[in-house]
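Per the numbering used here, the sequence shown starts with residue -8, numbered consecutively. The structure appears below as structure tokens.
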Amino acid sequence: MPSLPSPVADEREGLLAFLAHQRYLARVAAHGLTDEQARATPSASQLSLGGLIKHLARVERNWLNTVLQRPRGDAEARLEQYMDSFVLRSDETLAGVLHEYEQAAKETESIIADIADLGQPVPVPRDAPWFPPDVKAWSVRWVLLHLIEETARHAGHADIIRESLDGATAIPLLAAAEGWQPTEWVQPWEPAR
-8 MPSLPSPVAD EREGLLAFLA HQRYLARVAA HGLTDEQARA TPSASQLSLG
42 GLIKHLARVE RNWLNTVLQR PRGDAEARLE QYMDSFVLRS DETLAGVLHE
92 YEQAAKETES IIADIADLGQ PVPVPRDAPW FPPDVKAWSV RWVLLHLIEE
142 TARHAGHADI IRESLDGATA IPLLAAAEGW QPTEWVQPWE PAR
């Protein structure tokens, strides 16, 4: 995927393209890492790259479950799953959470393809303090915009964590992931020797 989304033909394609691009940038931040590095928390926060990728996959699935109005399950179990979503446990791998994120993306695209009207209402859940009490429903469009926002926010976190981890920054990582030729503008990232 290039460093910018391709031109789009319509709103649906645009929303999905920009979401896919933000997902890709979050994934690129983990390019070339070992599982141990993906578990590391080198910045001021307790976030790790592997944990962020895992969290993004779960968040995307949860929002699409909300769109489809699937049962949300027990609040205590959901809270435990939410807290666990930020941690790449010792029995998990970076490759595994990257695969889960890829599967979540495919599920999102399939679900959205089957929804005729992006204005379709999505009832606001009433079981979390951050959901507004005065809004009865969002739209599928709103959910996609929110997923873009959430993914972009965490892609930014991922950039900071990665730079704190080994000094790698977004554009050289992107150049390495995509196999760009070195130029005076950009030198693709290479692992430390």
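No residue lacks a Cβ here, since even glycine has one placed at the ideal position from N, Cα and C. This one's a predicted model, so the numbers in the text were calculated from it and none came from an experiment.
Best match in the options for proximity to residue i [C-alpha to C-alpha]
| i | options | result |
| --- | --- | --- |
| A168 | A17, L10, G64 | A17 |
| A96 | P62, A8, R63, W171 | A8 |
| P62 | K127, S155, P116 | P116 |
| P112 | E93, W133, H137, P124 | W133 |
| K45 | W176, A146, A119, Q60 | A146 |
| L85 | I162, G41, V(-1) | G41 |
| E27 | P(-2), S81, S155, P120 | S81 |
| S36 | S155, A0, L164, T160 | S155 |
| L79 | A31, N53, D105 | A31 |
| W122 | T57, S(-3), D1 | Note that residue 122 is Phe in the sequence shown, not Trp. Of the listed residues, the one whose Cα sits closest to F122 is T57. |
| L24 | V177, Q172, Q94, D157 | D157 |
| L43 | T174, Y92, E71, Q178 | Y92 |
| I102 | P173, Q178, N53 | N53 |
Under 8 angstroms between C-beta atoms of residue i and residue j
| i | j | result |
| --- | --- | --- |
| A149 | A20 | yes |
| A29 | S39 | yes |
| I151 | S34 | yes |
| R3 | L109 | yes |
| L89 | L10 | no |
| Q13 | T142 | yes |
| I106 | V131 | yes |
| D118 | A68 | no |
beta-carbon residue i near the ligand NAD non-hydrogen atom, thresh 7 angstroms
| i | result |
| --- | --- |
| E51 | As far as ligands go, the structure on display features none, and thus does not contain the ligand NAD. |
Close beta carbons around residue i, own chain, < 7 angstroms, minus the five adjacent residues each side
| i | result |
| --- | --- |
| T99 | E51, L55 |
| D75 | none |
| P(-4) | A8, F9, H12 |
Those residues which DSSP pairs with residue i across a bridge
| i | result |
| --- | --- |
| S130 | P112 |
Other residues of its chain near residue i: CB distance less than 6 angstroms, five sequence neighbours each side excluded
| i | result |
| --- | --- |
| W180 | A159, P163, L164, A167 |
| A161 | D150 |
| G5 | V(-1) |
8 angstroms CB neighbourhood of residue i in its chain, flanking five on each side removed
| i | result |
| --- | --- |
| A128 | P112, V113, P114, V115 |
| D1 | none |
task = Entirely within the stretch 64 to 123 and at least 4 residues each: give me those alpha helix (DSSP H) ranges in chain order.
result = For the stretch 64 to 123, whole alpha helix (DSSP H) runs of length 4 or above, ordered along the chain, are 66 to 75, 85 to 104.
request  = Could I get the ranges of all uninterrupted beta strand (DSSP E) runs contained in the stretch 13 to 74, with 3 residues as the minimum, in chain order?
outcome  = If we require 3 residues or more, the stretch 13 to 74 turns out to have no beta strand (DSSP E) run fully inside it.
task = List in chain order: all unbroken alpha helix (DSSP H) runs of 4+ residues lying wholly within the stretch 145 to 169.
result = Counting whole runs of 4 or more residues, the stretch 145 to 169 contains the alpha helix (DSSP H) stretches 161 to 169.
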